[in-house]
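Contents: one structure, followed by commentary.
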Amino acid sequence: MDELNPPERLLLGAGPSNVHPRVVKALLSPLVGHLDPYFIEIMDETKKLLAKAFKTKNEFSLPISGTGTAAMEAAICNLVQEGDEVIIGVNGFFAQRMSEMVRRWGGKTLEIKKRWGDVTTKEEVENLFKNSNANLVALVQGETSTGALQPLQDIAKIARAYDALVLVDTVTSFTGVDLDIDGWGIDVCYSSPQKCLNAPPGASPITVGDRALNRIRNRRKPVQSLYFDFTLIERYWSERRMYHHTAPIMNVYALREALMIALEEGLDNRIAKYKRNSEALMAGVEAAGLTMNTEHQYTLPSLNAVRVPEGVDADKVKNIFLDRFNTEIGAGLGELKGQVWRVGLMGLNSSERNVLFFLEALEVSLRKEGHSLKPGVAANAAVDYYDAHQPIN
Ligand code: PLP
282 MDELNPPERL
292 LLGAGPSNVH
302 PRVVKALLSP
312 LVGHLDPYFI
322 EIMDETKKLL
332 AKAFKTKNEF
342 SLPISGTGTA
352 AMEAAICNLV
362 QEGDEVIIGV
372 NGFFAQRMSE
382 MVRRWGGKTL
392 EIKKRWGDVT
402 TKEEVENLFK
412 NSNANLVALV
422 QGETSTGALQ
432 PLQDIAKIAR
442 AYDALVLVDT
452 VTSFTGVDLD
462 IDGWGIDVCY
472 SSPQKCLNAP
482 PGASPITVGD
492 RALNRIRNRR
502 KPVQSLYFDF
512 TLIERYWSER
522 RMYHHTAPIM
532 NVYALREALM
542 IALEEGLDNR
552 IAKYKRNSEA
562 LMAGVEAAGL
572 TMNTEHQYTL
582 PSLNAVRVPE
592 GVDADKVKNI
602 FLDRFNTEIG
612 AGLGELKGQV
622 WRVGLMGLNS
632 SERNVLFFLE
642 ALEVSLRKEG
652 HSLKPGVAAN
662 AAVDYYDAHQ
672 PIN
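So, in structure tokens, the structure goes:
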């Protein structure tokens, strides 16, 4: 067995994305105890940075120990009680998983099933509220399996009108698209550091508002999961500093650094950058005669799902990317297996260079698989798009 030596890939898949060099540096910092005064400062700073990035005053803005799925499970097991009715927009793999989790935690799901790539409408949600006792609506803002960007504002308003809570998964969209927790009235929202934040998985952002905390504090029975019980986690992350579990200290360092990088760049600048690069990619893909899995207005800029043309073996093309270009792109997941490639442009990977590189590499890989695009068409269309859409600053 040799010393660890993983390949240095360009990670343009569905996540994780490449780790930012400053985050790597943070990960190499000395470990301290999880109640060390130094770490307590880092915890407080991380909370502040998270609240800023989520655009919220919620005190309960902190990292859940674990990956995005842990944050999803934490949110659901705290919010859902036996017999609760939950409306869920089911238009992809992760929404489906949320729904399954709600059922496992004793909830009754009212699913709005859509084609994988489409989004849930406010009318569909309102219709279910009218005809049920639902007290929660759950949505995935950035559906990584389909590349769809779910609008949230109108649905959150409707939920408020029915005195229901709103839960949103922003694992792939956080700091990549607009999100305003307080302004839009979102009660609980979780994410993950391994996508737009360019940090490793392990400490997953979550924010929980007062309406949700009140409901959790007044549950008929305590949350069955001790590990994810927000009332216990809160005691460790608040002034009380009561031991609950040993925080993944290095992951918190990494998350703090990643949040600082995002906020230094400025959320608006970042969002504009993502949009420009995604639109250039779409211009290239479509000029070459390929299609996206989503309508332009609902395309998630951090995850671009390109439809695989008839007769092409999606996995073979993905493997050419890996073997020839040392680059990961995502394969289709669940219902979309074999039907799309998922191209992640996340954090520092959302760049003009990577878009042009992807389009050139796609042309070569498709030619290798016997499906020729007109040479240079895709990359030229993207270059023309960039020339016509200069960055604002
Ligand atoms: N939700 C969404 C939208 C995701 O894309 C993912 C992972 O890709 C998850 C949840 C689960 O996150 P993890 O795989 O880090 O547990």
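Take the sequence shown: its position 6, counting from 1, is numbered 287 in our numbering, and each next residue is one higher. Here a beta-carbon is modelled for each residue, glycine too, at the ideal position from N, C-alpha and C.
In the DSSP assignment, N585 forms a beta bridge with V624. Taking all protein chains shown into account, L536 has 16 or more neighbouring C-beta atoms within 10 Å of its C-beta and is therefore buried.
Under DSSP, F341 takes part in a beta bridge, and its partners are V489. Note on the stretch 598-651: whole beta strand (DSSP E) runs with a minimum of 3 residues are 608-610, 621-625, in chain order. Distance from the CA of Y579 to the CA of L460, rounded to the nearest whole angstrom, comes to 15 Å. Assignment of S346 by DSSP, reduced to helix, strand and coil, places it in the strand class. In this structure the stretch 552-570 touches the stretch 632-643; the number of beta carbon pairs closer than 8 Å is three or more. Between G466 and K438, the beta carbon gap of about 7 Å places them in contact (Cβ cut-off 8 Å). Taking C-beta atoms as the reference points, V452 and I552 fail to come closer than 8 Å.
For S426, the CB contacts under 7 Å within the same chain, skipping 5 residues up- and downstream, are G373, F374, F375, W397, L614, G615, L617 in chain order.
Of the candidates P503, I514, I530, I530 places its Cα closest to the Cα of G483. Under the three-state reduction of DSSP output, G483 falls in the strand class.
Judged by the Cβ position, P486 fails to qualify as a neighbour of the ligand PLP at the 7 Å threshold, every heavy atom of the ligand being at least this far.
Cβ atoms of T572 and L293 stay farther apart than 8 Å, at about 19 Å.
For A415, no beta strand (DSSP E) segment is defined, and its DSSP state is neither H nor E. Where K329 is concerned, there is no enclosing beta strand (DSSP E), although the alpha helix (DSSP H) around it starts and stops at 318-335. Residues of the same chain with a CB within less than 7 Å of the CB of A564, apart from the 5 flanking positions on each side, are A662, A663, Y666 in chain order.
Between the stretch 382-389 and the stretch 624-632 there are fewer than three inter-stretch CB-CB distances shorter than 8 Å, so the stretches are not counted as touching. N479 and L309 have their C-alpha atoms spaced approximately 16 Å apart. Relative to A612, the option among A442, P318, V598, R516 whose CA is nearest is V598.
Nearest to A295 by alpha-carbon distance, out of K476, R441, F509, I393, is K476. A residue is called buried once 16 or more other Cβ atoms fall within 10 Å of its Cβ, and H301 is buried on that count. By the criterion of at least three beta-carbon pairs nearer than 8 Å, the stretch 343-359 is in contact with the stretch 514-529. Between the alpha carbons of P486 and I542 lies a gap of roughly 15 Å. It is roughly 22 Å from the alpha-carbon of N499 to the alpha-carbon of V449. The beta-carbon distance between T337 and T488, rounded to whole angstroms, is 5 Å. This is short enough to meet the 8 Å contact definition.
For A659, the closest alpha carbon among the candidates D604, E567, N412, L494 is that of E567.
Counted as a single uninterrupted DSSP element, the alpha helix (DSSP H) harbouring Y667 occupies residues 658-669.
The three-state secondary structure of W397, taken from DSSP, is strand. Look at D549 here: in three-state DSSP terms it is helix.
For Y471, the three-state secondary structure derived from DSSP is strand. Going by DSSP, L308 is part of the alpha helix (DSSP H) stretching over 302-308. Checking the 7 Å criterion, the Cβ of Q475 is within range of a heavy atom belonging to the ligand PLP.
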